[in-house]
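>
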Amino acid sequence: MDPVSVTLAVLPLLGSVIKAYGLLYKTFKTFHHSSREFCRVRKQVDRQRHFFYNETHILIRPAIEDESMLVSMLEDASHSNWSSTELDVALRRLLGKNYDACLEIIEEIRGAIEELQQQIECLSDVESQRQRGESFKDTLGRIHSRLKITWDKSKFESSITALRSSINDLRCIREQANELQKVNIQLKGRHKPSSQEYSDYRTIRRASEALHVALATVWSKTSNIPSTTASWHNVKLLADAKVDDGVYMNMVVLCYGHESATINRRQPNWTRVRVRSQMLDWVPLHQNTPPCSGESRQKRRKVQFVDNSPTSKISVSTASSTMPLTPECSDTQLRQPDDVSGKDLCSILSYGWPSPSTQSSSCCLEFCDAGSQETFRHSFYPLIDEQRLQSQNSVSMSHVLCRPAEDLLTVVDQLKLARSLVAAVLKFYSTPWLGQYIALNNLSFFGIESEISTWLQTLHFGTDFRGKDFVELDPSPMEGLESTSASFEDAKLLYGIRNPTLWSLGVILLQIGLWSKVDSPDDVLKIRKLSSQAPALGPRYQELTKRCLECDFGYGEDLSKPRLQQAVYENLVCELSDMINSLDISTP
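Numbered according to UniProt numbering, the sequence shown spans residues 1 to 588.
1. My output table needs one value for residue 464: the three-state DSSP class, helix, strand or coil.
2. Can you tell me which of 73, 101, 394 and 156 puts its alpha carbon nearest to the alpha carbon of residue 112?
3. When you compare only the Cα positions, how much space is there between residue 477 and residue 396?
4. Between the Cα of residue 533 and the Cα atoms of 28, 66 and 25, which residue gives the shortest distance?
5. DSSP beta-bridge partners for residue 279?
6. Any idea what DSSP makes of residue 574, helix, strand or coil?
7. In three-state DSSP terms, what is residue 515?
8. On the criterion of 16 or more Cβ atoms from any shown chain inside 10 Å, does residue 427 qualify as buried, or is it exposed?
9. At the level of alpha carbons, what is the spacing between residue 254 and residue 405?
10. Does DSSP put residue 159 in a helix, in a strand, or in coil?
11. Smallest Cα separation from residue 457: which of 249, 492, 508 and 566?
12. If you count every other CB in all the chains shown that lies within 10 Å of the CB of residue 544, and 16 or more means buried, which is it?
13. My assumption, with CB atoms under 8 Å, is that residue 209 sits in contact with residue 431. Please give the rounded CB distance.
14. Would the region 81-99 count as touching the region 56-73 if we require 3 or more Cβ pairs under 8 Å?
15. Between which residues of its own chain and residue 526 is the CB-CB distance below 8 Å, once the five residues before and five after are set aside?
16. Rounded to a whole number of angstroms, what is the C-alpha to C-alpha distance between residue 565 and residue 435?
17. Straight-line CA distance for residue 241 to residue 535?
18. What number of angstroms, rounded off, separates the C-alpha of residue 161 from the C-alpha of residue 169?
19. Could you tell me the distance, in whole angstroms, from the CA atom of residue 581 to the CA atom of residue 246?
20. Report the residue from 378, 176, 21 and 502 whose alpha carbon sits nearest the alpha carbon of residue 438.
21. Scan the region 91-127 and note each continuous alpha helix (DSSP H) run of 4 residues or more that stays entirely inside, going in chain order.
22. Going by C-alpha distance, which of 96, 408 and 560 is nearest residue 429?
23. So residue 444 is in the alpha helix (DSSP H); what residue range does that whole segment cover?
24. Could you give the residue range of the beta strand (DSSP E) that holds residue 237?
25. Any contact between the region 568-576 and the region 417-426? By contact I mean 3 or more CB pairs, one from each, below 8 Å.
26. Check each candidate in 118, 52 and 22 and name the one with the smallest Cα separation from residue 78.
27. Based on the DSSP output, what are the partners of residue 254 in its beta bridges?
28. Closest to residue 578 by CA distance: which of 72, 412 and 505 is it?
29. Check whether the region 492-501 and the region 442-457 touch, using three or more Cβ-Cβ pairs below 8 Å as the test.
30. For a quick check, are the C-beta atoms of residue 173 and residue 105 less than 8 Å apart?
31. Taking the CB atoms as reference points, tell me whether residue 462 and residue 235 lie closer together than 8 Å.
32. Assuming contact is defined by CB atoms lying nearer than 8 Å, are residue 82 and residue 11 in contact in what I supplied?
33. Does residue 212 pass the burial test, meaning 16 or more other C-beta atoms within 10 Å, or should it be called exposed?
34. With distances taken Cα to Cα, identify the nearest neighbour of residue 243 among 207, 269, 73 and 237.
35. Residue 248 bridges to which residues according to DSSP?
36. Quick test of your reading: residue 115 and residue 159, contact by CB under 8 Å. State the CB separation rounded to the nearest angstrom.
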């Protein structure tokens with residue numbers, strides 16, 4: 001017996017049974033001319049072989065979700081995937097408590113095949129007893145009486161009956177496990193607990209929009225400073241924003257043409273920043289700043305910066321009312337913030353950090369307050385030892401899809417990428433960071449040459465902040481549909497696109513599933529045809545892609561409605577998470 005069959009696991013045991021069936025089939029085929037009774041027995045064994053192959057196919061299909069790979073495994077008993085720990089773990093999750101019972105049934109099937117193999121070995125001497133010039137059939141006729149003694153038909157039939165019974169048991173337990181899984185999914189959908197992750201999305205959306213307002217306000221004021229005219233800024237905001245005593249966002253700021261009348265695109269100032277955003281009910285002014293005539297202590301738009309130098313003399317208890325602190329810097333001595341709105345933010349970000357020997361991730365350099373309907377305070381911290389952001393090479397997703405998937409990522413990584421994308425859309429879809437229509441060129445990664453676990457976490461999108469005197473160079477047209485209200489309305493009327501944001505998200509999910517860039521992403525008919533093709537990620541992924549394209553969530557087409565947002569989260573983010581957990585062996 002193949003050594004891999006010794007392993008007490010369903011998947012390698014299935015592979016060993018397929019191999020044993022192959023050997024038995026060849027042996028029966030050799031003696032198919034022996035007698036009519038023997039041919040009938042051979043046909044019964046062959047039928048059971050097909051039944052077992054079909055049951056194996058259905059059993060492991062939800063675990064592998066790659067039809068071509070599964071067919072290759074069934075055709076090749078020595079395929080490396082039969083010893084895959086990852087697939088067996090996925091199969092264990094699918095079977096649940098039925099795993100051990102399934103293992104016992106497969107062992108019984110293997111035992112019945114071994115009995116048949118032993119019983120047919122009596123025919124192995126026929127070939128050696130053939131006389132010169134004698135046909136195989138004549139040899140069988142000549143020694144037929146001795147074969148009757150050694151070949152007991154009743155034993156064959158008994159082994160076949162046991163084989164048939166075990167295969168029926170395998171089908172029964174497979175069907176029951178499948179039904180139980182459906183019930184669990186339905187119960188999970190009906191009684192889905194309130195997800196903290198989902199509730200954080202709205203907070204991130206509000207904070208990121210306020211951050212955009214603050215940065216736009218600052219740079220619009222600094223455009224009047226002579227040393228910063230004809231400059232523009234590109235902010236690359238990472239999609240991994242988190243909520244923990246405030247909203248934490250990581251971003252990279254590129255400043256072009258700083259302190260120069262000539263824009264140098266090749267050598268921008270490159271600054272990595274972590275922003276902590278907190279909503280305030282009231283923004284306190286500097287104590288030494290006299291109020292304007294008629295000015296009262298009320299909520300207003302205000303932009304401020306403060307340098308938290310270690311030499312500041314004011315105590316934390318005094319400064320805490322004006323500046324949020326991280327737990328690590330609760331002992332830091334801070335000075336009262338000055339109203340320095342209108343100063344050069346780029347200089348502060350690029351040159352205002354403490355020296356590398358003294359700075360830490362808890363050192364807040366400055367903050368700015370800006371509010372329209374809500375007031376947020378945005379505190380800026382240096383990003384220390386962020387290896388994933390060390391590379392300054394930002395690669396768009398359209399270029400990533402041009403590289404072979406096997407050179408970059410696994411099926412699990414593709415699902416994680418899809419999940420990150422859907423989560424990013426729910427976080428930022430209505431903010432200036434992410435347009436109403438999302439294209440591949442709007443999404444990028446840092447350090448694509450590094451480990452997958454590193455660059456996969458660098459999904460980001462860039463936004464330009466341009467001064468009034470800036471002259472745009474080499475404008476890049478938006479890929480796909482034009483991002484105008486008129487074109488969106490036309491798309492709804494002409495093509496039945498219910499929601500442009502979800503449609504464009506579905507187009508990208510489709511390309512991730514195919515791992516191929518679609519040449520004409522604005523060709524609605526082509527996209528719908530492609531969505532009908534089975535992707536390598538399986539039928540579940542195909543279904544959620546179609547649902548996203550057609551905005552088929554049962555709660556209308558307005559993504560600003562909380563109920564549709566929640567439906568997208570449950571049917572896309574949670575579904576992708578379930579698929580990842582069923583395949584990822586690193587998941588506990």
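From the three backbone atoms N, C-alpha and C, an ideal C-beta is built for every residue, glycine too.
The relevant details are as follows:
1. Within the sequence shown, numbered from 1, the residue matching residue 464 stands at position 464. It is a strand residue.
2. Numbered from its first residue, the sequence shown carries residue 112 at position 112. Of 73, 101, 394 and 156, the residue nearest in Cα terms is 156.
3. Working through the sequence shown from its first residue, we reach residue 477 at position 477. Working through the sequence shown from its first residue, we reach residue 396 at position 396. Because the pLDDT of residue 477 is 36, which lies under 50, any placement of that residue in the model is unreliable, and the number read from its coordinates should be weighed accordingly. The alpha-carbon atoms of residue 477 and residue 396 are separated by roughly 14 Å.
4. What you label residue 533 is simply residue 533 of the sequence shown in a count that begins at 1. Checked all of 28, 66 and 25; the closest Cα to residue 533 is 66.
5. By 1-based counting over the sequence shown, the position of residue 279 is 279. Paired residue(s): 376.
6. What you label residue 574 is simply residue 574 of the sequence shown in a count that begins at 1. Three-state result, residue 574: helix.
7. Residue 515 sits at position 515 when you count from the first residue of the sequence shown. Note: residue 515 maps to coil in three-state DSSP.
8. Within the sequence shown, the letter at position 427 stands for residue 427. Residue 427 should be labelled buried.
9. The residue given as residue 254 occupies position 254 in the sequence shown. The residue given as residue 405 occupies position 405 in the sequence shown. The straight-line gap from Cα to Cα measures roughly 30 Å.
10. By one-based count along the sequence shown, residue 159 stands at place 159. Reduced to three states, the DSSP call for residue 159 is helix.
11. Here residue 457 refers to the residue found at position 457 of the sequence shown. Residue 249 is the option with its Cα nearest to residue 457.
12. In the sequence shown, the residue the question calls residue 544 occupies position 544. By the 10 Å Cβ count, residue 544 comes out buried.
13. To locate residue 209, count along the sequence shown from 1; it is residue 209. To locate residue 431, count along the sequence shown from 1; it is residue 431. With a Cβ gap of about 4 Å, residue 209 and residue 431 count as contacting.
14. They touch, by the three-pair rule.
15. Along the sequence shown, one-based indexing puts residue 526 at 526. Excluding sequence positions up to five before and after residue 526, its CB lies within less than 8 Å of the CB of 518 and 520, all in the same chain and listed in chain order.
16. The count along the sequence shown starts at 1 and reaches residue 565 at position 565. The count along the sequence shown starts at 1 and reaches residue 435 at position 435. Cα to Cα, residue 565 sits roughly 17 Å from residue 435.
17. For the purposes of this step, residue 241 is taken as the residue at position 241 of the sequence shown. For the purposes of this step, residue 535 is taken as the residue at position 535 of the sequence shown. Using only the alpha carbons, I get a separation of about 30 Å.
18. Taking the sequence shown and counting its residues from 1, the one referred to as residue 161 is at position 161. Taking the sequence shown and counting its residues from 1, the one referred to as residue 169 is at position 169. Distance between the alpha carbons of residue 161 and residue 169 is about 12 Å.
19. Locating residue 581 in the sequence shown gives position 581, where the first residue counts as 1. Locating residue 246 in the sequence shown gives position 246, where the first residue counts as 1. Taking the straight line joining both Cα atoms gives about 29 Å.
20. Against the sequence shown, residue 438 aligns to sequence position 438. When only C-alpha atoms are compared, the closest one is 502.
21. 99-120
22. Locating residue 429 in the sequence shown gives position 429, where the first residue counts as 1. Residue 560 is the option with its Cα nearest to residue 429.
23. In the sequence shown, counting from the first residue as 1, residue 444 sits at position 444. No alpha helix (DSSP H) holds residue 444; the beta strand (DSSP E) holding it covers 444-446.
24. To locate residue 237, count along the sequence shown from 1; it is residue 237. From DSSP, the beta strand (DSSP E) with residue 237 extends over 232-238.
25. yes
26. To locate residue 78, count along the sequence shown from 1; it is residue 78. Selected option, being the one with the closest Cα: 22.
27. Against the sequence shown, residue 254 aligns to sequence position 254. Answer is 234 and 270.
28. Here residue 578 refers to the residue found at position 578 of the sequence shown. The option with the nearest alpha carbon to residue 578 is 412.
29. no
30. As a first step, residue 173 is located in the sequence shown; it is residue number 173 there, counting from the start. As a first step, residue 105 is located in the sequence shown; it is residue number 105 there, counting from the start. Result yes, Cβ atoms of residue 173 and residue 105 sit closer than 8 Å.
31. Translated into the one-based positions of the sequence shown, residue 462 becomes position 462. Translated into the one-based positions of the sequence shown, residue 235 becomes position 235. Closer than 8 Å, so yes.
32. Here residue 82 refers to the residue found at position 82 when the sequence shown is read from its first residue. Here residue 11 refers to the residue found at position 11 when the sequence shown is read from its first residue. Yes, Cβ-Cβ distance for residue 82 and residue 11 is below 8 Å.
33. As a working note, residue 212 is residue 212 in the sequence shown. Counting Cβ neighbours within 10 Å, residue 212 comes out buried, since at least 16 surround it.
34. The sequence position of residue 243 within the sequence shown is 243, counting from 1. For the residues 207, 269, 73 and 237, the minimum Cα distance to residue 243 belongs to 207.
35. Numbered from its first residue, the sequence shown carries residue 248 at position 248. Note: residue 248 sits in a beta bridge opposite 242 and 276.
36. Your numbering for residue 115 matches position 115 in the sequence shown. Your numbering for residue 159 matches position 159 in the sequence shown. Their Cβ separation, rounded to whole angstroms, is 4 Å, which keeps residue 115 and residue 159 in contact under 8 Å.
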